[in-house]
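2 protein chains.
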Amino acid sequence: MSSSVSPLAPKTVPDMPTIAGIRLATAEAGIRYKNRTDVLLAVMDKGTAVAGVFTKSKCPSAPVEWCRAKLKGGKARALVVNSGNANAFTGKTGRASTALTAKIAAKAVGCSEGEIFLASTGVIGEPLDATKFDGVLGRLAEAAEPGDYLAAAKAIMTTDTFPKVATATVKLGKAKVTINGMAKGAGMIAPDMATMLSFIFTDAPIAPAALQALLKNGVEDTFNAVTIDGDTSTSDTLLAFATGAAAEHGAPKISRASDPRLKAFVKAFNQVLANLSEQVARDGEGARKLVEITVEGAKTKTSARKIAMSIANSPLVKTAIAGEDANWGRVVMAVGKAGEPADRDKLSISFNGIRVAKSGARDPDYDEAQVSEAMKAPEIAIKVSLGLGKGRDRVLTCDLTKEYVAINGDYRS
Amino acid sequence: MSSSVSPLAPKTVPDMPTIAGIRLATAEAGIRYKNRTDVLLAVMDKGTAVAGVFTKSKCPSAPVEWCRAKLKGGKARALVVNSGNANAFTGKTGRASTALTAKIAAKAVGCSEGEIFLASTGVIGEPLDATKFDGVLGRLAEAAEPGDYLAAAKAIMTTDTFPKVATATVKLGKAKVTINGMAKGAGMIAPDMATMLSFIFTDAPIAPAALQALLKNGVEDTFNAVTIDGDTSTSDTLLAFATGAAAEHGAPKISRASDPRLKAFVKAFNQVLANLSEQVARDGEGARKLVEITVEGAKTKTSARKIAMSIANSPLVKTAIAGEDANWGRVVMAVGKAGEPADRDKLSISFNGIRVAKSGARDPDYDEAQVSEAMKAPEIAIKVSLGLGKGRDRVLTCDLTKEYVAINGDYRS
Chain A
515 MSSSVSPLAP KTVPDMPTIA GIRLATAEAG IRYKNRTDVL LAVMDKGTAV AGVFTKSKCP
575 SAPVEWCRAK LKGGKARALV VNSGNANAFT GKTGRASTAL TAKIAAKAVG CSEGEIFLAS
635 TGVIGEPLDA TKFDGVLGRL AEAAEPGDYL AAAKAIMTTD TFPKVATATV KLGKAKVTIN
695 GMAKGAGMIA PDMATMLSFI FTDAPIAPAA LQALLKNGVE DTFNAVTIDG DTSTSDTLLA
755 FATGAAAEHG APKISRASDP RLKAFVKAFN QVLANLSEQV ARDGEGARKL VEITVEGAKT
815 KTSARKIAMS IANSPLVKTA IAGEDANWGR VVMAVGKAGE PADRDKLSIS FNGIRVAKSG
875 ARDPDYDEAQ VSEAMKAPEI AIKVSLGLGK GRDRVLTCDL TKEYVAINGD YRS
Chain B
515 MSSSVSPLAP KTVPDMPTIA GIRLATAEAG IRYKNRTDVL LAVMDKGTAV AGVFTKSKCP
575 SAPVEWCRAK LKGGKARALV VNSGNANAFT GKTGRASTAL TAKIAAKAVG CSEGEIFLAS
635 TGVIGEPLDA TKFDGVLGRL AEAAEPGDYL AAAKAIMTTD TFPKVATATV KLGKAKVTIN
695 GMAKGAGMIA PDMATMLSFI FTDAPIAPAA LQALLKNGVE DTFNAVTIDG DTSTSDTLLA
755 FATGAAAEHG APKISRASDP RLKAFVKAFN QVLANLSEQV ARDGEGARKL VEITVEGAKT
815 KTSARKIAMS IANSPLVKTA IAGEDANWGR VVMAVGKAGE PADRDKLSIS FNGIRVAKSG
875 ARDPDYDEAQ VSEAMKAPEI AIKVSLGLGK GRDRVLTCDL TKEYVAINGD YRS
């Protein structure tokens, strides 16, 4: 963990309500860290639906493989998350360690192993000693209470500088339902669920298939539109749990994602995802600037996304922003290297609303002093207009600072 | 320019012979830098063949567009290179500036504008005042002499910390021919000719089409297999000039790249390209380690290249190397994110010949102290064995240091 909190951290932390059917507990299992919690157990009531999306890495971690397999059952009774060791690239030992953790958790909670979901985050390539969970999970299952979500978010942190939580309350039918979420991640963040863990909990009664569809749609413009360094983790996991407890006070049971009664819920659900994924960008390793990149006028939204990601992942663009330099030449470079349709002489670029380039050249009204002043802001919005079509997209990233290099140059040792 | 020479710079600089038919001159045109040369004029004898490969950026610079168009003629009489301003993304002004430079050069040398080749490197997005060349190029054309290639290499530097030259002498038929090359580039280097300028000169009598084929084949495993930061410049240009003067002392005229008499020449030509491209990696901005990544056992060579590039461009791998940390977990991550066929449980990884991972887990013989000692070397060889097929490839890169961030965080301002 970094010693100081990111200057981009949210100024306030929301009060997190409890969610009927969910109980939480954390402990110090001593996996890697000293004097901090490093294991989270979430216990769910019977009947809780589960959905998940994972890293697209060709070399996923053992816990990712475990969750993918168990997701087919659609039901969850417990989630075990440890920080400090990702249990990734640990071969047979990794699979054995995952199976043992699930066995210990199933016994502690009193359910089948197929209802246990697992996530591990931290260093990769080191064996995880699952026997450390023996005893710990039993005590946690007894101690679990409806809830300190902030404490839970703290237990899953690695290089994060602040815990990430978000909440929303919304009507489903005539009943009030709650959505709580937490996330961790700070480096190795890229689209396709890169080095990031996030867990969403709700009391809404939503069937597994519908929840899966909501989650898949929801991540597209939130978690999948955030990049810190373009590196994709072997462990990215986003799980959503719906206990259905709100059915007791009148919430309708939802079996299809297209159900019109879900409209407000979907909006709130996506806001929670957006809020959490923005917090991940705000806690990018070494970040001093939150950077929003909007590409408009592309041939398609997909094309706009590729160009926005090319800009967001360019080390030269990111270091320029760290240096408070409105170096739009490098933005042009990143547009050009994306390989997507672009016409140099139609490009316009603005930084925080100040247009610096127009029709393929420096804006005639360009005022270096004005732009330099604008670049001092902690939040930088880069807008690129391609002038080719109606494709538009937006991604979030952060700057690339010496601190990023320092954090990652001696993380393992 | 950085103040100190890269610790990875070659210990010796070769004596560069002259090449019949080529004359060089440099000057201080004051484009951007003070008290250093920033313009190079190379004058070629009539009949010189030219070939070129360029950036694949969708937003290429005006000089790149100029060269591409003029390459069709196949003949060159002069090359003008300026450093300090890339004349990229400068709209109509850029095209006008390029045309004016060519006009001034054609007048100075006494040839048509179609025989003038241009390259500009430096900041992008700033108009280039071509009137600064007026007078300068005329004086250079008069002063041009057979040759100080090292002085020429110095005039084209930007953030480079040392000039890059290479030379080879080889038999073509029974005649001795010479190949001289120079390059610049230190950041914004990625495959597909990224922010890099390189010029090759030979007295061999090779027709334009054959020279073009040689060049295209030659860059594939040399310049296109080098990456510093994954960023692709708008200005990458590699031009080769063959004066044909060696025909006077018996070298056969070559019209096809497949001519068997070319065998030794091709080998020497590719060695010059390999030498120069390795020097570019050795001068990566802020680099303290030269990193060679070999991927073997891939399905195909193309697949091996993609995986090697994914590793080479991973900020997390690069920062780990900067921290002298044999973090093979991050290598696994980079293999996984490449999207190419890979089987986690068949992966083996070594650093400088020491195997750290085997069959998808830490090598049983792993010795942290031994590996840590090996990571202190200035040259790091990472080998990844996928165990799937016979595809093999190799790329060069460097580490990612705080110095890279410092150089690029205040380059323009």
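These protein sequences, in sequence, are chains A and B.
Numbering-wise, this note's numbering puts 832 at position 318 of the first sequence, and it's gapless, one number per residue.
Numbering-wise, this note's numbering puts 604 at position 90 of the second sequence, and it's gapless, one number per residue.
Beta carbons are placed, not taken as given, at the ideal position from N, Cα and C, and that holds for glycine.
For chain A, none of the residues of the segment 749-783 of chain B brings a beta carbon within less than 8 Å of one of its beta carbons.
Measuring C-alpha to C-alpha distances from residue 769(B) to each of 643(B), 723(B), 738(B) identifies 723(B) as the nearest. Counting C-beta atoms within 10 angstroms of its own C-beta, residue 760(B) has 16 or more neighbours from the protein chains shown and is therefore classed as buried.
Among the residues of the segment 595-611 of chain B, those with a Cβ less than 9 Å away from any Cβ of chain A are 600, 602, 603, 604, 605, 606, 607, 608, in the order of the chain. Taking C-beta atoms under 8 Å as the contact rule, residue 739(A) and residue 908(A) qualify, at a distance of about 7 Å.
For residue 894(B) against residue 866(B), the beta-carbon gap comes to about 6 Å, under 8 Å, which counts as contact.
Note on geometry: alpha-carbon atoms of residue 765(A) and residue 699(A) lie some 33 Å from one another. Contact of residue 871(A) with chain B is assigned, a C-beta pair being separated by under 9 Å.
Around the beta carbon of residue 529(A), fewer than 16 other beta carbons sit within 10 angstroms, so the residue counts as exposed. Judged by DSSP in its simplified three-state form, residue 912(B) adopts strand.
By the criterion of a C-beta distance shorter than 6 Å, residue 593(B) is surrounded in its chain by 556, 631, once the five residues flanking it on both sides are discounted. For residue 752(B), the beta-bridge partners assigned by DSSP are 567(B), 712(B).
If you draw a straight line from the Cα of residue 735(A) to the Cα of residue 912(B), it comes to about 34 Å. Sorting 679(B), 552(B), 563(B) by C-alpha distance to the C-alpha of residue 791(B) places 679(B) at the top. Under the 9 Å criterion on CB atoms, residue 854(A) is classed as interfacial with respect to chain B. With distances taken between CA atoms, residue 654(A) lies nearest to 553(A) out of 525(A), 859(A), 553(A), 670(A). Fewer than three Cβ pairs drawn from the segment 769-781 of chain B and the segment 578-585 of chain B lie within less than 8 Å of each other, which leaves the two stretches out of contact. Looking at the backbone, the Cα of residue 629(A) and that of residue 897(B) are separated by about 40 Å. Beta-bridge pairing by DSSP links residue 893(A) to 804(A). Under the 9 Å criterion on CB atoms, residue 907(B) is classed as non-interfacial with respect to chain A. Residue 737(B) carries a helical assignment under DSSP once its states are collapsed to helix, strand and coil.
Taking 9 Å as the cut-off, the beta carbon of residue 848(A) is found no closer than this to the beta carbon of residue 906(A).
Per DSSP, residue 821(B) is one residue of the alpha helix (DSSP H) stretching across 815-826. Within chain B, the C-beta atoms nearer than 8 Å to that of residue 571(A) come from 847, 850, 851, in chain order. Residue environment analysis places residue 549(A) among the exposed positions, since fewer than 16 neighbouring C-beta atoms fall within 10 angstroms of its C-beta. Closest in C-alpha terms to residue 688(B), from the list 657(B), 844(B), 696(B), 763(B), comes 763(B). In the structure shown, residue 778(B) falls within a helical segment according to DSSP collapsed to helix, strand and coil. Taking residue 633(B) as reference, the option from 541(B), 795(B), 713(B), 525(B) with the minimal CA-CA separation is 713(B).
One thing to note: residue 710(B) has its Cβ within 9 Å of the Cβ of residue 737(B). Three or more Cβ pairs drawn from the segment 531-549 of chain A and the segment 636-654 of chain A lie within less than 8 Å of each other, which places the two stretches in contact. Taking a Cβ-Cβ threshold of 7 Å, the residues of chain A close to residue 916(B) are 916, 919, 920, in chain order. The straight-line gap separating the alpha-carbon atoms of residue 531(B) and residue 840(B) is approximately 42 Å.
With respect to the 9 Å criterion, residue 718(A) and residue 564(A) are not classified as neighbours on the basis of their beta carbons. Here residue 859(A) is near residue 606(B), since their CB atoms are less than 9 Å apart.
Against residue 638(A), the close residues of chain B are 843, 844, 846, 847, in the order they occur along the chain (beta-carbon pairs closer than 8 Å). Here the C-alpha atom of residue 829(B) lies approximately 14 Å from the C-alpha atom of residue 799(B).
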